[in-house]
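Protein chains in written order, with full-length UniProt numbering: chain B, 1 to 219; chain D, 1 to 219; chain X, 1 to 219; chain U, 1 to 219.
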DNA sequence: CATGAATGAGCCTTCATTCAT
DNA sequence: CATGAATGAAGGCTCATTCAT
């Protein structure tokens with residue numbers, strides 16, 4: 001009927017499509033953050049966006065796809081700002097590692113919703129077979145990140161800023177895992193942890209980082 | 001008028017009841033571990049136990065109640081063995097803290113299902129209003145645990161085994177949070193993390209603990 | 001085991017049984033009045049009495065049997081006091097009819113729970129096949145009541161207190177049906193009717209009776 | 001942004017939707033009439049309509065909603081025909097009141113299912129909190145009905161067709177309540193009452209009305 | 001006579017998703 | 001490209017009642 005065939009998708013269409021996607025993702029993220037991914041239904045998202053169910057399926061073929069789209073977006077943002085922090089830090093390897101861990105702290109404070117979402121994602125996908133998909137995504141967003149961490153340790157031993165008995169293939173991976181674990185736990189349990197520990201989560205996180213750095217530093 | 005506590009009800013009944021509860025809890029735990037709490041349905045549990053649906057509801061009034069019963073049980077076990085580790089450790093406060101963190105490592109290795117379950121529980125209940133219930137449960141199982149942690153830091157500063165610039169109200173809470181975060185993350189993501197980091201999770205955990213202890217220790 | 005064989009049921013046992021029945025009936029009636037017969041479950045009654053389910057079934061073989069036992073009891077009470085009112089009234093047939101209708105008004109005011117229960121019973125059993133059972137019960141409690149009503153009309157025409165164009169087989173039945181209908185409606189809808197009509201239900205009922213009596217009276 | 005009122009949705013859709021609703025309501029009403037609202041399950045309605053469960057829920061979100069839709073419909077019909085009867089009656093207030101009460105009799109005879117349904121509704125909702133909803137519905141369907149009844153009494157006293165000692169705020173409300181009570185009782189208990197009283201319900205009802213009117217009329 | 005345990009038969013929804021228009 | 005309608009497949013839970021002890 002229309003003169004243009006559908007797959008030409010001239011600019012205006014593309015812009016429209018992009019706007020719709022955003023709308024869906026924004027609405028979904030808000031709901032996920034409040035109620036948890038598992039407790040949010042497609043119906044919730046649909047009524048939050050005002051888009052009809054069948055229309056939504058033109059953009060995302062399932063709830064999982066919405067989740068993955070958000071994961072990608074948030075991982076890109078996250079890795080970009082961490083990237084920047086590390087690159088901006090000049091000096092010894094210890095300085096760079098400090099920048100890395102502090103960037104995770106900043107993220108916790110300034111983008112707690114993002115961290116909470118990633119915590120949920122981890123928990124949810126611990127039971128899915130999507131491992132490959134996630135690994136591929138990470139590799140695409142942040143290629144070579146593991147080698148880079150190992151290199152940091154090696155550099156630090158070389159430049160004398162780190163203890164000499166650290167294992168380049170192990171230590172920083174261990175640290176990063178712990179810091180991310182701490183970060184996500186604090187973000188998820190948030191006020192609950194604050195109530196239990198009687199300390200604001202930011203302080204708890206900064207103290208963790210301080211002790212770790214003291215442990216890494218050459219004596 | 002009526003002795004409401006007719007729970008004198010002759011031992012055999014009680015024993016039977018307890019056996020049934022166990023059967024249900026064991027079956028549920030196994031399913032939760034494989035598929036994740038949220039993806040396990042009452043129907044799954046029912047067919048796994050061989051008990052009829054309506055019978056099961058005589059024991060647990062909802063899936064949540066099964067979850068809570070497991071949480072209680074696992075927390076009791078966990079706190080008992082950590083308790084023992086700390087009490088068995090003799091020497092400076094640092095020795096005790098070392099024992100505490102290593103106990104968490106042992107738990108990760110020897111009872112990874114337990115840790116995985118607790119990780120799921122944390123994730124799930126981040127969105128529920130059960131905060132009070134959990135806090136009450138923790139207080140019942142491990143009363144005064146927070147004061148105890150603060151005291152350990154104070155003792156360590158006094159006995160010269162810990163750095164003198166630590167904050168008794170903050171440091172150990174921060175450490176414990178991070179270690180539990182690391183522990184649960186490693187347990188949940190398990191093989192996935194191993195694949196990514198190329199290191200067995202036990203080593204990653206032990207290295208985390210090592211660095212933290214180095215950071216705490218007096219120089 | 002016990003020396004006495006069961007069906008001798010010596011006095012103490014009988015007394016006990018009777019007390020238990022009462023307890024059940026009282027608890028059930030209270031629940032029925034608050035929540036409505038249909039919305040009360042056996043489980044509710046059981047927990048309200050404190051008697052175990054299986055024990056309760058020793059007394060009543062179903063919820064319906066409890067209902068019927070209450071119906072019988074309330075009908076006996078009701079018919080007794082109406083009986084008394086009529087018999088106490090001396091004078092013309094109109095005086096006796098007046099007493100009858102006023103007795104129904106007194107019941108509405110003084111025993112509204114009883115009336116509400118009967119209203120529920122009517123509604124519920126409009127769909128059951130228990131017609132015969134009810135008719136038999138009524139016949140047993142109040143034998144010959146219909147002939148008696150017809151006779152009242154006849155007497156009233158004879159003694160000049162009633163209009164002469166009334167039909168002995170019809171009029172009083174019609175009146176009684178209407179008055180019971182009004183009585184039960186007022187009892188069931190209670191405060192709702194008061195709010196709508198802006199008049200207390202007692203006044204509404206008394207006015208109905210007044211008009212009916214004016215309509216019956218000889219001019 | 002989005003025209004929420006996309007209910008322009010082309011006539012055919014609307015027509016279809018309306019037909020489906022009717023189908024459901026008709027089937028439900030038939031079942032309610034035979035078995036009683038409380039004994040009819042969603043499953044019954046579903047298999048009676050031939051519509052799938054999940055489809056039905058697109059039209060009515062619960063059994064209650066079906067009931068309310070029927071109530072509204074029947075109240076509209078009922079009030080319309082009573083309205084007409086009163087308006088068609090010309091003459092004294094007594095003539096109008098006569099028309100009103102006879103209209104209720106006609107309804108009993110010609111639409112006994114409708115009356116039975118309303119009787120059930122009254123009984124059921126005596127225990128629900130829906131009072132406000134019902135009052136709102138009545139006010140919407142028949143606004144100012146109470147003032148109108150009072151006015152009728154006042155007019156009748158003025159035009160000499162009614163006794164002068166009637167209370168405009170009370171009498172007709174009392175009469176209407178009694179007549180509706182009688183009407184619904186006769187409709188519900190139907191054949192049972194006929195068997196007991198040995199008279200067709202129509203005659204019983206007409207006699208009630210006759211006596212009431214005699215009681216109202218000026219002497 | 002009392003009791004704890006067991007249970008079959010239902011019940012009312014909810015949800016992600018597909019399809020014809 | 002958008003939309004209304006439809007739906008298969010579960011899902012969680014309740015209830016009256018029966019038995020073995």
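C-beta: ideal position from N, C-alpha, C; glycine also.
**Contacts of residue 173 of chain D in chain B (Cβ-Cβ under 7 Å)** = What you label residue 173 of chain D is simply residue 173 of the second chain in a count that begins at 1. In chain order: 197, 199, 204.
**Asked** For residue 162 of chain B, which of helix, strand or coil comes out of DSSP?
**Response** Translated into the one-based positions of the first chain, residue 162 of chain B becomes position 162. Strand at residue 162 of chain B.
**Message:** Taking DSSP's pairing of strands, which residues face residue 217 of chain D in a bridge?
**Reply:** On the second chain, residue 217 of chain D is found 217 positions in, with the first residue counted as 1. Beta-bridge pairing links residue 217 of chain D to D/162.
**Message:** Going by C-alpha to C-alpha distance, which of D/55, D/117, D/40, D/56 sits closest to residue 75 of chain D?
**Reply:** Taking the first residue of the second chain as 1, we reach residue 75 of chain D at position 75. That would be D/117, whose Cα lies nearest to the Cα of residue 75 of chain D.
**Proximal residues of chain D, C-beta to C-beta of residue 157 of chain B below 9 Å** = The residue labelled residue 157 of chain B in the question sits at position 157 within the first chain. Near residue 157 of chain B there are no residues of chain D at all, since even the closest Cβ is about 14 Å away, more than 9 Å.
**Prompt:** Among residues of its own chain, excluding the 5 on either side of residue 120 of chain X, which ones have a beta-carbon nearer than 7 Å to its beta-carbon?
**Reply:** By one-based count along the third chain, residue 120 of chain X stands at place 120. For residue 120 of chain X, the CB contacts under 7 Å within the same chain, skipping 5 residues up- and downstream, are 32, 36, 37 in chain order.
**Item:** Proximity to residue 99 of chain D [Cα-Cα], best of D/199, D/141, D/209
**Value:** To locate residue 99 of chain D, count along the second chain from 1; it is residue 99. The shortest Cα separation from residue 99 of chain D among D/199, D/141, D/209 belongs to D/209.
**Prompt:** From residue 61 of chain X to residue 53 of chain X, what distance separates their C-alpha atoms?
**Reply:** As a position in the third chain, residue 61 of chain X is number 61, starting the count at 1. As a position in the third chain, residue 53 of chain X is number 53, starting the count at 1. Each residue's Cα considered, the two are about 11 Å apart.
**Collapsed DSSP secondary structure at residue 199 of chain D in the structure displayed** = The residue you call residue 199 of chain D lines up with position 199 of the second chain. The answer is coil: DSSP assigns residue 199 of chain D none of H, G, I, E or B.
**Request:** Report yes or no: do three or more beta-carbon pairs, one from the region 184 to 191 of chain D and one from the region 122 to 130 of chain B, lie closer than 8 Å?
**Result:** yes
**Message:** Any beta carbon of chain U sitting closer than 9 Å to that of residue 186 of chain X?
**Reply:** In the third chain, counting from the first residue as 1, residue 186 of chain X sits at position 186. Yes, because at least one Cβ of chain U sits closer than 9 Å to the Cβ of residue 186 of chain X.
**Assigned exposure category for residue 132 of chain X - 16 Cβ within 10 Å defines buried** = Against the third chain, residue 132 of chain X aligns to sequence position 132. Exposed: under 16 other Cβ atoms inside 10 Å.
**Item:** DSSP three-state assignment for residue 4 of chain U, whether helix, strand or coil
**Value:** By 1-based counting over the fourth chain, the position of residue 4 of chain U is 4. Residue placement at residue 4 of chain U is flagged as unreliable, the pLDDT there being 36, under the threshold of 50; a coordinate-derived value is accordingly withheld.
**Prompt:** My guess is that residue 101 of chain X and residue 211 of chain U are in contact by the Cβ rule of under 8 Å, so how many angstroms apart are they, rounded?
**Reply:** As a working mapping, residue 101 of chain X is identified with position 101 in the third chain. As a working mapping, residue 211 of chain U is identified with position 211 in the fourth chain. Not really, about 12 Å apart at Cβ, beyond 8 Å.
**Asked** Does residue 103 of chain B have its Cβ less than 9 Å from a Cβ in chain D?
**Response** For the purposes of this step, residue 103 of chain B is identified with residue 103 of the first chain, where counting begins at 1. Not one chain D Cβ lies under 9 Å of residue 103 of chain B.
**Prompt:** For residue 167 of chain B and chain D, any beta-carbon pair shorter than 9 Å?
**Reply:** On the first chain, position 167 is the one that residue 167 of chain B refers to. It does; some Cβ of chain D falls within 9 Å.
**Delimiting residues of the alpha helix (DSSP H) encompassing residue 16 of chain X** = Position 16 of the third chain, counting from 1, holds the residue named residue 16 of chain X. Where residue 16 of chain X is concerned, the enclosing alpha helix (DSSP H) stretches over 11 to 35.
**Prompt:** alpha helix (DSSP H) containing residue 221 of chain X: first to last residue?
**Reply:** One cannot answer for residue 221 of chain X here, as it falls past the ends of chain X, which runs 1 to 219.
**Message:** Taking the alpha carbon of residue 220 of chain X as the reference point, which residue from X/207, X/156, X/12 has its own alpha carbon closest?
**Reply:** What the structure shows of chain X is the stretch from 1 to 219, and residue 220 of chain X is not part of that stretch, so it cannot be assessed.
**Message:** Determine whether the beta carbon atoms of residue 63 of chain B and residue 45 of chain B lie at a separation below 9 Å.
**Reply:** Mapped onto the first chain, residue 63 of chain B falls at position 63. Mapped onto the first chain, residue 45 of chain B falls at position 45. Contact: yes.
**Message:** DSSP three-state label for residue 111 of chain B, please.
**Reply:** Mapped onto the first chain, residue 111 of chain B falls at position 111. In the displayed model, residue 111 of chain B falls within coil according to three-state DSSP, outside both helix and strand.
**Segment limits, alpha helix (DSSP H) that includes residue 84 of chain X** = Along the third chain, read from residue 1 onward, the residue named residue 84 of chain X stands at position 84. Run containing residue 84 of chain X: 63 to 88, per the alpha helix (DSSP H) assignment.
**Request:** Using a cut-off of 9 Å between C-beta atoms, extract the partners of residue 135 of chain D located in chain B.
**Result:** On the second chain, residue 135 of chain D is found 135 positions in, with the first residue counted as 1. In chain order: 192, 195, 196.
**Request:** To the nearest angstrom, report how far apart residue 203 of chain D and residue 165 of chain B are at their CA atoms.
**Result:** Stepping through the second chain from its first residue, residue 203 of chain D is reached at position 203. Stepping through the first chain from its first residue, residue 165 of chain B is reached at position 165. If you take the alpha carbons of residue 203 of chain D and residue 165 of chain B, they lie about 15 Å apart.
**Message:** Under 8 Å, with one C-beta from each stretch per pair, do the region 139 to 151 of chain B and the region 65 to 79 of chain B reach the 3-pair mark?
**Reply:** yes
**Message:** Strictly under 9 Å for the Cβ-Cβ distance: is residue 124 of chain U near chain X by that measure?
**Reply:** If you number the fourth chain from 1, residue 124 of chain U lands on position 124. It does: the Cβ of residue 124 of chain U has a partner Cβ on chain X nearer than 9 Å.
**Asked** What residues of chain D sit near residue 120 of chain B, judged by a beta carbon separation below 7 Å?
**Response** As a first step, residue 120 of chain B must be located in the first chain, where it is residue number 120. When 7 Å is used as the limit between beta carbons, residue 120 of chain B is near these residues of chain D: 123, in chain order.
**Under 9 Å between C-beta atoms of residue 21 of chain B and residue 59 of chain B** = Here the question's residue 21 of chain B lines up with position 21 in the first chain. Here the question's residue 59 of chain B lines up with position 59 in the first chain. In this structure, residue 59 of chain B lies closer than 9 Å to residue 21 of chain B by Cβ.
**Request:** Would you please verify whether the beta carbon of residue 93 of chain X is less than 9 Å from any beta carbon of chain U?
**Result:** To locate residue 93 of chain X, count along the third chain from 1; it is residue 93. Not an interface residue.
**Request:** Might you give, ordered along the chain, the residues of its own chain that have their beta carbon closer than 8 Å to the beta carbon of residue 222 of chain B, omitting 5 neighbours on each side?
**Result:** Here chain B covers residues 1 to 219 and nothing more, so residue 222 of chain B does not appear.
**Request:** Just the C-alpha distance for residue 160 of chain U and residue 16 of chain U, rounded to the nearest angstrom, thanks.
**Result:** If you number the fourth chain from 1, residue 160 of chain U lands on position 160. If you number the fourth chain from 1, residue 16 of chain U lands on position 16. Their backbone Cα atoms lie some 55 Å apart in a straight line.
**Request:** Quick one: using the 10 Å Cβ neighbour count with 16 as the cut-off for buried, is residue 43 of chain X buried or exposed?
**Result:** As a working mapping, residue 43 of chain X is identified with position 43 in the third chain. By the 10 Å Cβ count, residue 43 of chain X comes out exposed.
**Prompt:** If you draw a straight line from the alpha carbon of residue 90 of chain D to that of residue 108 of chain D, how long is it in whole angstroms?
**Reply:** By 1-based counting over the second chain, the position of residue 90 of chain D is 90. By 1-based counting over the second chain, the position of residue 108 of chain D is 108. Using only the alpha carbons, I get a separation of about 23 Å.
**Prompt:** Is residue 41 of chain X helix, strand or coil when you go by DSSP?
**Reply:** On the third chain, position 41 is the one that residue 41 of chain X refers to. Here residue 41 of chain X sits in coil by DSSP.
**Request:** Put residue 211 of chain U into one of helix, strand or coil per three-state DSSP.
**Result:** The residue you call residue 211 of chain U lines up with position 211 of the fourth chain. Correct three-state label for residue 211 of chain U: helix.
**Request:** Throw me the rounded Cβ distance for the residue 162 of chain X and residue 93 of chain X pair, which I believe falls under 8 Å.
**Result:** For the purposes of this step, residue 162 of chain X is identified with residue 162 of the third chain, where counting begins at 1. For the purposes of this step, residue 93 of chain X is identified with residue 93 of the third chain, where counting begins at 1. Correct: roughly 6 Å between the Cβ atoms.
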